[in-house]
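J.:
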Amino acid sequence: MKKSRATIWARLLFEQGLLFEFLRLSSLAGGGHSNHDRVETDPHSHGSLDDEAGPRVEGSHDEMYNQEALLLSKKVKVLCWNLTNPENHETKAVQVQRTWGKRCNKLLFMSSTADPKLPTIALPNVKEGRNFLWGKTKEAFKYVYKHHFAEADWFMKADDDTYVIMENLRFLLKGIDPESPIYYGCKFKPHVKQGYISGGAGYVLSKEALRRFVGDGLPDSKICRQDDGGNEDVELGIPMHGELGRGSWRFSRFSRTLSFPTLPSRALYWSYSC
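Numbering of the sequence shown is given in our numbering, commencing with residue -4 and proceeding in unit increments.
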């Protein structure tokens, strides 16, 4: 009796093995899944398209993406200047240089001391520290306006801990007239009645906005604060939302947020939508 049961089990296992191998070979010969195996209610199913061959594209997606990004970089020229300090040159600023900074049409590092490794631009008469960011920002924009105004359509300020996806930025700026006095970023509500755009998240000025800010605003004490104190984003927001132009924190064409000043987890909360 025991021998008979052992024989039966061995035969069943052998037949199941043959069946499994037959199904495996049939699947390989048929080029993938069979329509008979499809579960129509499967949430991952695409119905009758499951067994269809996908489009054949010569070259990789990376190649197409890089070509498109290159074409866009020639049409939407963005100069990026990065606000840093000597303590961060070899830690934070260098990471910007190695990553997203490469995708700017021009990349500048603004600091209080020269550093040939980056290199940095040693701004005149500036002090380090949060209490002097407004003075440092004014000097940086004056330098950009004097030496690089003709080289770009848009001028972006970012900190050394900011990360920017330049391809997305250019796509959003595409078709917007840089001769319009406007700047983009993420809106904060305190301190200024009309709001202002966050400095930590980065902001981008159009060519005309930069011209008005440096040429018309900075020399006039009625428009811009003359000393170096104050929060740079607030002090910039006052004239840019008033005398010199207008600020925008959401693109009406796309209704998409441009930048996030907080941690990604905080950006999920509705009150931080910019």
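Idealized CB from N, CA, C, for every residue including glycine.
In chain order, which continuous runs of the beta strand (DSSP E) of length 3 or greater are located wholly inside the region 163 to 234?
T.: Runs found: 177 to 179, 198 to 201.
J.: Out of curiosity, what's the CA-to-CA distance linking Lys133 and Lys122?
T.: Taking the straight line joining both Cα atoms gives about 12 Å.
J.: Which whole-angstrom value is the C-beta distance of Ser193 and Asp156, which I expect to be below 8 Å?
T.: Incorrect: roughly 13 Å between the Cβ atoms, too far for contact.
J.: Could you have a look at Ser106 and say whether DSSP puts it in helix, strand or coil?
T.: Reduced to three states, the DSSP call for Ser106 is strand.
J.: Between Phe181 and Phe136, is the Cβ-Cβ spacing less than 8 Å?
T.: Reading off the sequence shown, one finds Cys at residue 181, where the question assumed Phe. No; because the gap between Cβ atoms is not below 8 Å, this pair is not in contact.
J.: Strictly by DSSP, which residues pair up with Thr115?
T.: Per DSSP, Phe104.
J.: Could you tell me which residues DSSP pairs with Trp76 in its beta bridges?
T.: Beta-bridge pairing links Trp76 to Leu103, Lys152.
J.: Smallest Cα separation from Asp147: which of Pro214, Pro173, Leu167?
T.: Contrary to the premise, residue 147 reads as Ala rather than Asp in this sequence. Selected option, being the one with the closest Cα: Pro173.
J.: Span of the alpha helix (DSSP H) holding Gly130?
T.: Where Gly130 is concerned, the enclosing alpha helix (DSSP H) stretches over 128 to 143.
J.: Can Asn77 and Val91 be called in contact, C-beta distance under 8 Å?
T.: Yes, they are a contact pair.
J.: What does a CB cutoff of less than 7 Å around Ala117 pick up in its chain, not counting 5 residues either side in sequence?
T.: Hits under 7 Å: Ser106, Ser107, Thr108, Ala109.
J.: Please report the residue range of the alpha helix (DSSP H) in which Val89 lies.
T.: First-last of the alpha helix (DSSP H) with Val89: 89 to 93.
J.: Can you give me the Cβ contacts of Lys87 inside the same chain, cut-off strictly under 8 Å, excluding the 5 residues immediately before and after it?
T.: Cβ neighbours of Lys87 beyond the five flanking positions: Thr79, Asp155, Asp156.
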